[in-house]
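**Q** Going by the working numbering, the first residue of the sequence shown is number 62, and it counts up by one from there.
C-beta: ideal position from N, C-alpha, C; glycine also.
Below: one structure in structure tokens.
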Amino acid sequence: MAREQVRKPMMAANWKMNKLADEAEEYVVRLLPQISNVEGVDVAIFAPFTCLGRVASMTRDTAVIAGAQNFYYEDSGAFTGEVSAPMLKDVGAGAVIVGHSERREIFGETDEMVARKTARAISAGLLPIVCVGETKEERDAGEMWDKCSGQVQSVFEELDNVNGDDIVFAYEPIWAIGTGDTASPEDSQDAIGKIRALLKELRGEQFASQVRILYGGSIKRDNIGEIMAQKDVDGGLAGGASLDPVSFAGLVNAASSS
Ligand code: PGA
62 MAREQVRKPM MAANWKMNKL ADEAEEYVVR LLPQISNVEG VDVAIFAPFT CLGRVASMTR
122 DTAVIAGAQN FYYEDSGAFT GEVSAPMLKD VGAGAVIVGH SERREIFGET DEMVARKTAR
182 AISAGLLPIV CVGETKEERD AGEMWDKCSG QVQSVFEELD NVNGDDIVFA YEPIWAIGTG
242 DTASPEDSQD AIGKIRALLK ELRGEQFASQ VRILYGGSIK RDNIGEIMAQ KDVDGGLAGG
302 ASLDPVSFAG LVNAASSS
């Protein structure tokens, strides 16, 4: 079944810990003309803190949203090394990735921290892209849904009145991230369809039909079309394939024609 058209697709670049400021600038200069005619898709670039301000100012009058890859939920104070939501707003960010599996697995972020960050992002006017997903061992043990549903549910412990368009989820199976081993379109739809059904149970029909749920994990130009053709998949969060502006522009174009 074709993707439902009620939600605007989104294609997001997660640069992770890559690109010096000059490289980021060159990337944006090369990307913008390649996507200037693209309509009907939200484009976001999640840049490292050190070049986020530059990306934000270069994209200010364009359709591209500049975002951060992380932040801390307190606004200021003795939190050495951390960056707050007001600081992100200050440099022009409009969105932030929350709970990426690399943050959860390498830096020990808990579901509770992810929930607090999500709530603070929304109250600050930043669009959170909340990542969930299972490891290979969890999938092999038949625990994909236990893991993902638990991660989704815990996000709502800190949220009261939110609309479906205040938040974006990304299903990112950990075994597919950076491995070249993309989830099949059917597996993507299976997980994302279940997440949408859970959101309907938790927040009702309207919320569930508005909220965008992306797929992430070894997205490439040659697999994004069939993944985005799935009914519940609203776009992608791309790592490796987003590092080159030509490659990312290809994903954006594919998303707009999905
Ligand atoms: P990948 O990363 O596209 O390189 O697999 C995706 C992500 O981690 O967001």
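Within the structure, which residues are defined as neighbours of the ligand PGA by a Cβ-heavy atom distance below 6 Å, reported in chain order?
**A** Having a Cβ closer than 6 Å to some heavy atom of the ligand PGA are Asn75, Glu233, Ile238, Gly239, Gly277, Gly278, Ser279, Ile280, Leu298, Ala299, Gly300, Gly301, Ala302.
**Q** For the region 297-304 and the region 262-280, state whether three or more C-beta atom pairs, one from each stretch, are separated by less than 8 Å.
**A** Yes, the region 297-304 touches the region 262-280.
**Q** For the putative contact between alanine 202 and alanine 154, defined by C-beta atoms under 8 Å, what is the C-beta separation to the nearest angstrom?
**A** 38 Å between Cβ atoms; not a contact.
**Q** Going by DSSP, what residues sit across from serine 145 in a beta bridge?
**A** Looking at the DSSP assignment, serine 145 forms a beta bridge with Tyr133.
**Q** So what's leucine 187 in DSSP terms, helix, strand or just coil?
**A** The answer is coil: DSSP assigns leucine 187 none of H, G, I, E or B.
**Q** Buried or exposed: where does serine 319 fall if 16 or more other Cβ atoms within 10 Å of its Cβ makes it buried?
**A** Buried: at least 16 other Cβ atoms inside 10 Å.
**Q** Any heavy atom of the ligand MG closer than 7 Å to the Cβ of isoleucine 238?
**A** No copy of the ligand MG appears in this structure; the ligands present are the ligand PGA.
**Q** Specify, as a first and last residue, the run of the alpha helix (DSSP H) that phenylalanine 110 falls within.
**A** From DSSP, the alpha helix (DSSP H) with phenylalanine 110 extends over 110-120.
**Q** Between phenylalanine 217 and glycine 211, what straight-line distance do the alpha-carbon atoms span, to the nearest angstrom?
**A** Approximately 10 Å, taken between the alpha carbons.
**Q** For a minimum of 4 consecutive residues, which ranges assigned as the alpha helix (DSSP H) are wholly contained in the region 220-268?
**A** Whole alpha helix (DSSP H) segments, 4+ residues: 246-264.
**Q** Report all residues from its chain with a CB closer than 7 Å to the CB of glutamate 170; omit the five preceding and five following residues, and keep chain order.
**A** Taken in chain order, the residues that qualify are Gly160, Arg164.
**Q** Quick check on this structure: which residue in Ala108, Arg68, Leu92 has the alpha carbon closest to the alpha carbon of asparagine 79?
**A** Among Ala108, Arg68, Leu92, the Cα nearest to that of asparagine 79 is on Ala108.
**Q** Could you compute how far the alpha carbon of glutamate 204 sits from the alpha carbon of aspartate 293?
**A** The alpha-carbon atoms of glutamate 204 and aspartate 293 are separated by roughly 21 Å.
**Q** With distance defined between alpha-carbon atoms, name the residue in Ile274, Asn131, Val213, Ile285 nearest to glycine 241.
**A** Taking only the C-alpha atoms, the option nearest glycine 241 is Ile285.
**Q** Please report the distance separating the alpha-carbon of glycine 297 from that of alanine 74.
**A** About 8 Å.
**Q** Any idea which residues DSSP pairs asparagine 75 with across the strands?
**A** Beta-bridge pairing links asparagine 75 to Phe107.
**Q** Does the beta-carbon of alanine 258 have 16 or more other beta-carbons within 10 angstroms, so that it is buried, or is it exposed?
**A** Per the 10 Å Cβ criterion, exposed.
**Q** I'd like to check one pair, glycine 101 with serine 317: are the Cβ atoms closer than 8 Å?
**A** Yes, the Cβ-Cβ distance between serine 317 and glycine 101 is below 8 Å.
**Q** Which class does glycine 296 belong to by DSSP, given the choice of helix, strand or coil?
**A** The answer is strand: DSSP assigns glycine 296 an E or B state.
**Q** Could you have a look at isoleucine 280 and say whether DSSP puts it in helix, strand or coil?
**A** Coil, per DSSP.
**Q** Give the DSSP-derived three-state secondary structure of arginine 273 in the structure shown.
**A** Strand at arginine 273.
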